[in-house]
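Scroll down for the structure; my scribbles are underneath it.
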Amino acid sequence: MTISDIAFYLESIAPLALQEDYDNAGLITGNPKWQCTGILCTLDVTEEVIAEAVSKNCNCIVAHHPIIFRGLKKITGSGHVEKAVISAIKNDVAIYAAHTNLDNIIDGVNGKIADKIGLKNRQVLAPLAPGTGAGLMGELDGDLPAEKFLQLLKKTFGLELVKYTRTSKAIIRRVAICGGAGSFLIPRALDAGMDAYVTADIRYHEFFGAEGRMLLCDIGHYESEQFTSDLLTEVLLRKFHTFAVLKSEVGTNPVLYFTGK
């Protein structure tokens with residue numbers, strides 16, 4: 002099995018045509034003709050993840066976030082991106098990223114989040130075509146008081162805290178979600194009549210946009226997408242079920258929280 006075989010399969014699930022214009026999904030390092038020795042799935046690519054791949058005899062890393070996102074003009078090892086790219090090249094490790102194309106399918110990143118919090122009757126929040134587009138909306142099994150919903154998020158995602166807005170909605174049932182930076186969908190969630198919208202990377206002034214009409218929750222970028230490595234592993238094992246497909250054990254979240262405990 003070659004690196005190209007892996008890329009072809011992933012693109013049959015999440016076509017590159019579905020990625021946003023600014024994105025850099027697809028094969029980033031490595032030769033598509035290489036024989037694959039093993040696959041390591043991760044949210045982010047770091048030097049530590051590459052070292053883990055080498056130690057586990059995996060010459061292919063499948064990540065959510067592209068290690069090269071904006072164009073590199075030099076590769077001198079002066080930053081974490083350049084160091085990781087150099088390490089991958091030196092160790093003959095292919096890096097493949099399934100990013101916004103994986104976000105924009107109904108059973109992708111947001112589908113995994115929906116599984117975790119138990120959303121039913123799912124629809125794409127901002128459709129591009131039937132079954133594809135940004136964000137996801139659905140319904141909980143039953144009504145939940147707002148505080149209970151926040152507790153559900155805290156427990157499900159292992160959070161130290163949840164940032165949220167005041168809301169007139171005492172009961173939460175209709176919920177929209179978007180893994181990663183999803184503040185651009187706040188107006189969509191409001192227009193759809195959502196009781197709550199769960200995403201990450203919301204700026205201070207964007208919280209005002211909820212206007213008290215919706216529980217707006219920021220659970221953190223890494224936290225919202227932490228199950229994506231599980232998703233990638235599951236997707237690959239469905240096709241390559243006798244092959245070495247591993248989930249990375251390296252924690253890549255660069256953000257820490259001091260709680261005083």
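Quick note, the sequence shown lines up with residues 2 to 262 if you use the numbering used here. The beta-carbon is built from N, C-alpha and C at its ideal position, and this holds for glycine as well.
N- and C-terminal bounds of the alpha helix (DSSP H) containing residue i
i             : result
lysine 240    : 229-240
leucine 191   : 187-192
tyrosine 10   : 4-14
tyrosine 223  : 222-226
histidine 206 : 205-208
Where the beta strand (DSSP E) containing residue i begins and where it ends
i             : result
valine 55     : Note, valine 55: premise wrong, no beta strand (DSSP E); alpha helix (DSSP H) at 48-56.
isoleucine 29 : 27-30
tyrosine 23   : Note, tyrosine 23: premise wrong, no beta strand (DSSP E); not H, not E.
leucine 216   : 216-219
tyrosine 198  : 197-201
glycine 180   : 172-182
valine 246    : 246-248
leucine 41    : 40-43
isoleucine 62 : 61-64
Distance CB(residue i)-CB(residue j) smaller than 8 angstroms
i                 : j                : result
valine 55         : cysteine 42      : no
phenylalanine 228 : isoleucine 114   : yes
leucine 126       : alanine 190      : yes
aspartate 1       : methionine 215   : Given a span of 2 to 262 for the chain in the structure shown, any question on residue 1 remains unanswerable.
leucine 232       : valine 176       : no
asparagine 122    : phenylalanine 70 : no
valine 46         : isoleucine 7     : no
threonine 77      : tryptophan 35    : no
glycine 213       : threonine 168    : yes
leucine 137       : isoleucine 178   : yes
leucine 44        : glutamate 226    : yes
Beta-carbon contacts of residue i that lie in its chain and below 8 angstroms, excluding the five residues immediately before and after
i           : result
leucine 51  : The sequence given here places isoleucine at residue 51; leucine does not occur at that position. Around isoleucine 51: Ile62, Ala85, Ser88, Ala89, Asn92, Val94.
tyrosine 72 : Note that residue 72 is glycine in the sequence shown here, rather than tyrosine. Cβ within range, chain order: n/a, list empty.
leucine 19  : Thr101, Asn102, Asn105, Ile106, Leu129, Thr133
leucine 160 : Leu154, Ile220, Gly221, Glu224
leucine 247 : Gly39, Ile40, Leu41, Cys42, Lys57, Cys59, Thr234
Any non-hydrogen atom of the ligand MN within 7 angstroms of residue i CB
i             : result
aspartate 142 : The ligand MN is absent from the structure shown, which contains no ligands of any kind.
Close-in-space but distant-in-sequence residues of the same chain around residue i (CB under 7 angstroms, 5 per side omitted)
i           : result
alanine 15  : Ala99, Asn102, Leu103, Ile106, Gly109
proline 146 : Ala171, Ile172
Sequence-distant residues of its chain with Cβ nearer than 6 angstroms to residue i (five each side left out)
i          : result
glycine 39 : Asn58, Cys59, Ala245
glycine 27 : Leu17
CB contact check: residue i to chain C, cutoff 8 angstroms
i            : result
arginine 204 : This model lacks chain C altogether, as it is built from one protein chain only.
- Is there contact here, the segment 75-84 with the segment 99-110, by at least three beta-carbon pairs under 8 angstroms? Because the criterion of three Cβ pairs below 8 angstroms is not met, the segment 75-84 and the segment 99-110 do not touch.
- Task: Output the residue ranges of the beta strand (DSSP E) runs that lie fully inside the segment 76-146 and measure 3 residues or longer, sorted by chain position.
- Result: Taking only runs of at least 3 residues, the beta strand (DSSP E) segments lying wholly in the segment 76-146 are 95-98, 121-130, 133-146.
- Pairing CB atoms from the segment 232-241 with CB atoms from the segment 254-262, are three or more of them under 8 angstroms? no
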